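Residue numbers (UniProt numbering): 1 to 592.
As structure tokens, then:
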């Protein structure tokens, strides 16, 4: 049957894209199948509808929260320009929807050795897998955040940028790669993107683009990364023995009066101060007067000593630092290192900045010394407490990094500050970094499997405190690994008490330096493979926390093998099974 259409409606239909027409025809067909008994509100297509305005998806993939903040800022700028925009965390996005999008703006960080952030792994595997879609209708732009001290700088953003183009998508703008001081570069990219999309929309200025939008406003905390809270250290206690190979400290920070709220799974951002002795050494080797003034990137003027203490990352050697210093030092050996990529990579991995200056001493101006370093960025630590248990406190589990160079002993920047230099009662600036991709199940009856190594036990302590406070009945299984039972059993008394009370259903421990064989958590998973699969069949959620480069990879391989064996899957189907668990938030990782 032919239905007469008005000329106005025909003109509007002619303006629809093939994707919009396909959706409308499908909608009409589905509506027709509902029969006369159903009352349906039929959408009316008119010139008042924004049929031609471009629809923008801003997708964020964040490991530390920086990409999320940039994406939120971009959303606000697009909305201010009257652009139809949706913001979504990649962990909440359905991968197969991508083929239906109009414009994709991806803001992604990179973790570990060039790996995607945890939350975007399902989309990454989908686009690089055998079922990757054609994306000829899609326009896109990528902003990549990274750290140039790592060889695979911004690799995740590079991977997505390349693969989207290979699948047929068209670049709206060239990819921009941002280092740790990303703010200005990101702002320039945002403004360029807003201008480009506004220009695309301007050709449809005659269309009334009054759209009712659902704008989800992010609830802004009183204290943020940009405006941290001045808390104080209340307790520091070593929880490994003096014989242990690692110094691990239990830290309690007083949040009284802040009103700060956090959840198990969140992280605490800590702004640290560099070690005064390290600052003095650097000034000595470069012959810079500690009171000489320098201008910071934000325009403030401070002494070079103050800048080295509070404003600059002086513990991390970067390619840019070595290259810039080589131009100042004019030493053939250093020039040779810079010219050899493999030698430069090895040099950066083994030589902190102070050793660069000590080995190749050179007189510098205060501003030149300042310009060698990147801005200091806060260190994120997994929170090891539940507020229902500890109130206006937050607990951390900090492994103090210690190393020696030229006969001198040094510590890591943040870990040394918290684990050694900061005294009880002294101030420390902090903020909460929410992690919605590492949350306990909403249903307290759901079983959970917690897999962690070393300080990766921290969030699981918070989980248990929360489940205890809630009175949750769900089973809890801990798989924990460290070096020695006698020296490195973190929070031993608490875990044994949880087991005695029945809150902790079972535990398995892996000690890598106890006995003749090195045993790691992945070995324990394989030993208990049948039970792991049985728990998964009962709806268990799996959590992994710890080292991304080795432990998390080996744990995932063990899980893949367990799923393949007991689920009778191919390895490819087992990988798809784990991806589905990720999408359902039943497989969550907090790795670093």
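Where is the CB? At the ideal position from N, CA and C, for every residue including glycine. All of these numbers come straight from a predicted model, not from anything done at the bench.
Take every Cβ of the segment 224-241, pair it with every Cβ of the segment 252-261, and state whether three or more of those distances are shorter than 8 Å. Yes, they touch.
Once you ignore the five residues that flank residue 274 on each side, which residues in its own chain have a CB closer than 8 Å to its CB? 308, 309, 310, 312, 314, 315, 376, 413, 417, listed in sequence order.
With DSSP as the reference, label residue 476 as helix, strand or coil. Strand at residue 476.
Do you know offhand how far residue 334's Cα is from residue 281's? Near 20 Å, if we compare the C-alpha coordinates of residue 281 and residue 334.
Residues near residue 519 by beta carbon distance below 8 Å, same chain, minus five either side: Answer for residue 519: 481, 510, 511, 512, listed in chain order.
In this structure, does DSSP put residue 289 in helix, strand or coil? Reduced to three states, the DSSP call for residue 289 is coil.
Runs of alpha helix (DSSP H) lying entirely within the segment 133-172, each at least 4 residues, in chain order: 155-166, all fully within the segment 133-172.
Sequence-distant residues of its chain with Cβ nearer than 6 Å to residue 213 (five each side left out): Unreliable placement is indicated for residue 213, whose pLDDT of 33 sits below 50; the coordinate value is still reported in the next sentence. The answer is none, since no qualifying residue turns up.
Bridge partners for residue 589 per DSSP, in chain order? Paired residue(s): 544.
Could you compute how far the alpha carbon of residue 260 sits from the alpha carbon of residue 223? Across the structure, residue 260 and residue 223 are spaced so that their CA atoms are roughly 7 Å apart.
CB-CB under 6 Å to residue 460, same chain, minus the five flanking residues each way: which ones, in chain order? Answer for residue 460: 450, 452, listed in chain order.
Taking 8 Å as the threshold, find out whether the segment 316-325 comes into contact with the segment 344-360 through three or more Cβ pairs. Yes, they touch.
Are the Cβ atoms of residue 190 and residue 77 separated by less than 9 Å? Yes, these two residues count as a Cβ contact at 9 Å.
Does DSSP put residue 452 in a helix, in a strand, or in coil? Assignment of residue 452 by DSSP, reduced to helix, strand and coil, places it in the strand class.
For residue 351, which residues does DSSP report across the bridge? For residue 351, DSSP assigns no beta-bridge partner whatsoever.
Out of curiosity, what's the CA-to-CA distance linking residue 352 and residue 406? Each residue's alpha carbon lies about 11 Å from the other.
What three-state label does DSSP hand residue 258 in the structure shown? Residue state, collapsed to three classes: coil.
Status (buried if at least 16 other CB within 10 Å, exposed otherwise) for residue 277: Exposed is the call here.
Compare the C-beta of residue 575 with all C-beta atoms of chain D and state if any pair is closer than 9 Å. In the displayed structure, chain D is absent; only one protein chain is listed.
Distance check for residue 286 and residue 588, CA to CA, integer angstroms please. Using only the alpha carbons, I get a separation of about 46 Å.
Alpha carbon to alpha carbon, how far is residue 88 from residue 440? When rounded, the distance between both Cα atoms is 21 Å.
So what does DSSP say about residue 107, is it helix, strand or coil? In the three-state reduction of the DSSP assignment, residue 107 falls in the strand class.
Going by beta carbon distance, what residues of the same chain come within less than 6 Å of residue 291, once the five residues before and after it are set aside? Cβ within range, chain order: 303.
Nearest-angstrom beta carbon gap, residue 525 and residue 563 [assumed within contact, 8 Å]: For a cut-off of 8 Å, the C-beta gap from residue 563 to residue 525 is around 11 Å, too long to register as a contact.
Could you compute how far the alpha carbon of residue 116 sits from the alpha carbon of residue 289? Counting only the Cα atoms, residue 289 lies some 43 Å from residue 116.
Give a yes or no on whether the C-beta atoms belonging to residue 135 and residue 80 are separated by under 9 Å. In terms of Cβ geometry, residue 135 and residue 80 do not form a close pair [threshold 9 Å].
Buried or exposed, going by whether 16 or more other CB atoms sit within 10 Å of the CB of residue 305? Here residue 305 is buried, its C-beta having at least 16 other C-beta atoms within 10 Å.
Go through its chain and collect everything with a Cβ distance to residue 247's Cβ below 8 Å, but skip five positions before and after it. The answer, listed in chain order, is 238, 240, 399, 400, 402, 419.
Beta strand (DSSP E) containing residue 515: first to last residue? No beta strand (DSSP E) holds residue 515; DSSP gives it neither H nor E.
Between 497, 446, 454, 268, which lies nearest to residue 476 when the distance is taken from Cα to Cα? Put simply, of 497, 446, 454, 268 the residue whose alpha carbon is nearest the alpha carbon of residue 476 is 446.
Going by DSSP, which residues form a beta bridge with residue 511? DSSP output for residue 511 lists 482 as bridge partner(s).
Start-to-end residues for the alpha helix (DSSP H) that takes in residue 522: That run of the alpha helix (DSSP H) goes 521-527.
Reduced DSSP category for residue 575 - H, G, I as helix; E, B as strand; rest coil: Here DSSP, grouped into helix, strand and coil, assigns residue 575 to helix.
Cβ atoms of residue 368 and residue 347: under 9 Å apart, would you say? The Cβ atoms of residue 347 and residue 368 do not sit closer than 9 Å to each other.
State yes or no: is the C-beta of residue 194 within less than 9 Å of the C-beta of residue 380? Not in contact: residue 194 and residue 380 (Cβ atoms no closer than 9 Å).
Rounded to whole angstroms, what's the CA-CA distance from residue 443 to residue 433? Just pull it up for me. The straight-line gap from Cα to Cα measures roughly 24 Å.
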